[in-house]
Amino acid sequence: MDAFYASVEQEDFPEYRGKPVIIGASPGHRGVVAACSYEARKFGVHSAMPISQAYTRCKAGIYLPVRMKRYLEVSRKIMGVFNDFTPEVTQISVDEAFLNMTGTEKLFGTPEEAAYKIKTRIKATTGLNISIGIAHNRFLAKLASEYKKPNGLYIVSKGEELRFIDSINLGDLWGLGKKTLARLENNNIFTAKDLRAKDKTQLKAVLGNSSGDFLYKIVRGIDPGMYTGEIKNRSVSNEVTFGEDTKDPEVLKLTLMELSYKIIFRTLENEEKGRTVQLKLRYSDFTTITARETQTSPIISAEELYNIANKLLKKKWRKAEAIRLIGLGLGSLENINTPGQIDLFENNYEQSKKIEQVAMAIRKKGQKITKASLLNRNSRGDM
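In terms of my numbering, the sequence shown opens at residue 234 and continues consecutively.
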């Protein structure tokens, strides 16, 4: 995630503009930074940092609680604007989406012209700036959106893929974690060019089959399908270990929302839908509990998944105890086109329509993609 939450606060409260805004736990309390503005990052503050450490680095910061309802309200407005430009919008988090703009040239002009129209509409609608990357696949579009931040626009033309990738530090390539980078450096691989000099067999020997194949593709500008993971045991799950154990309910809810978007996106990319929500909590003493709830109809939206997960959290969390890890899963998966009770008895047209729109976008994912990622009004950064 970018500094989306901080940008919303700065837009809603003009007195915060140009100042270090830090969202999460309050100083003096246990918890972590959920998001922060670029002004705060100049002090070395970053997301997931213990709030005590953030306060040590930035005592002059404006420390604010998470306002999830407000962030979701703004997010819905933004996605509404995106849908005015194309029906093929694939939202991957609260503040990020891929837009397939193929076939819209007569309506909105060239990709660059369309991008500026989108930026103008978002600014007029929300007061926020966005950064847009344009390329023929999602991986490159994602990288391009981060290349000229904040409030940027960058186009990766066909034939320019390798030059573009070579201009990016290896650590900034999407999908490479610290452990993978360390392993590459131990094998004298420091740049994208170094990676391309290795064949697929060599990379798999160093990193394993999955990571080796992933890196082989991305340094050649090939979309690795990073969203399409194998679904094993008919479930998809993600979890987060906090840098510091937390009792902050807003941080926990914010984390659940992020996990909900990741899980829903992965299932829809695999053309799956699920009914069983599972929550996992691990306390400071490493005691782990789980809770699950199965719905009668499939869950196909992140907000629906989040609402169920939040309900389970309220039921199971022993609030006197700090949480070290939180995980979320969606199970009882089936093909997205499989008819069920909701189709036979409830005739839920809007839900079926959403499924079909996403499925269509997935089938056409090889076409030209424009990726828009929200920034704070003057910045962008990861969560």
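A virtual CB, placed ideally from N, CA and C, is assigned to each residue, including glycine.
Starting from residue 357, trace the alpha helix (DSSP H) both ways and give me its first and last residue.
-> 344–359
What are the start and end residues of the alpha helix (DSSP H) that includes residue 313?
-> 301–318
Exposed or buried, what is residue 268 when buried is set at 16 or more other beta-carbons lying within 10 Å of its beta-carbon?
-> buried
Excluding sequence positions up to five away, which residues of its chain have a Cβ less than 7 Å from the Cβ of residue 288?
-> 260
Can you give me the Cβ contacts of residue 448 inside the same chain, cut-off strictly under 7 Å, excluding the 5 residues immediately before and after it?
-> 428, 436, 440
From which residue to which residue does the beta strand (DSSP E) around residue 399 run?
-> Note, residue 399: premise wrong, no beta strand (DSSP E); alpha helix (DSSP H) at 394–399.
For residue 457, does the three-state DSSP call read helix, strand or coil?
-> coil
For residue 273, does the three-state DSSP call read helix, strand or coil?
-> helix
Minimum C-alpha distance to residue 312 - residue among 389, 532, 544, 359 = 359
CB-CB under 7 Å to residue 487, same chain, minus the five flanking residues each way: which ones, in chain order?
-> 267, 299, 301
Please work out which residues of its chain come closer than 7 Å, Cβ to Cβ, to residue 296, disregarding the five sequence neighbours upstream and downstream, and give them in chain order.
-> 255, 259, 260
Residue 244 to residue 362, Cα distance in whole Å?
-> 10 Å
Assess, as a yes-or-no matter, whether the segment 472–491 is touched by the segment 536–555 under the definition of 3 or more beta carbon pairs within less than 8 Å.
-> yes
What does a CB cutoff of less than 6 Å around residue 250 pick up in its chain, not counting 5 residues either side in sequence?
-> 243
In this structure, what does DSSP give as the bridge partners for residue 528?
-> DSSP, once it has assigned bridges, lists no residue as partnering residue 528.
Report yes if the CB atom of residue 333 is closer than 8 Å to the CB atom of residue 353, and no otherwise.
-> no
In angstroms with no decimal places, state the Cα-to-Cα distance between residue 391 and residue 502.
-> 25 Å
Roughly how far, in whole angstroms, is the beta-carbon of residue 342 from the beta-carbon of residue 395, given that I think they are within contact range, below 8 Å?
-> At roughly 28 Å, the Cβ-Cβ gap does not stay under 8 Å, so residue 342 and residue 395 are not in contact.
Helix, strand or coil for residue 261 per DSSP?
-> coil
Secondary structure at residue 507, three-state DSSP: helix, strand or coil?
-> strand
Inter-residue Cα distance where the pair is residue 509 and residue 527 = 4 Å
Rounded separation between residue 388 and residue 316 - CA only = 21 Å
Spatial neighbours of residue 497 in its chain, beta-carbon cut-off 8 Å, leaving aside the 5 residues before and after | 532, 533, 534, 535, 538, 563
Please determine, among 559, 511, 493, 545, the residue with the shortest C-alpha to C-alpha distance to residue 325.
-> 493
May I ask which residues mark the beginning and end of the alpha helix (DSSP H) holding residue 284?
-> 284–290
With DSSP as the reference, label residue 450 as helix, strand or coil.
-> helix
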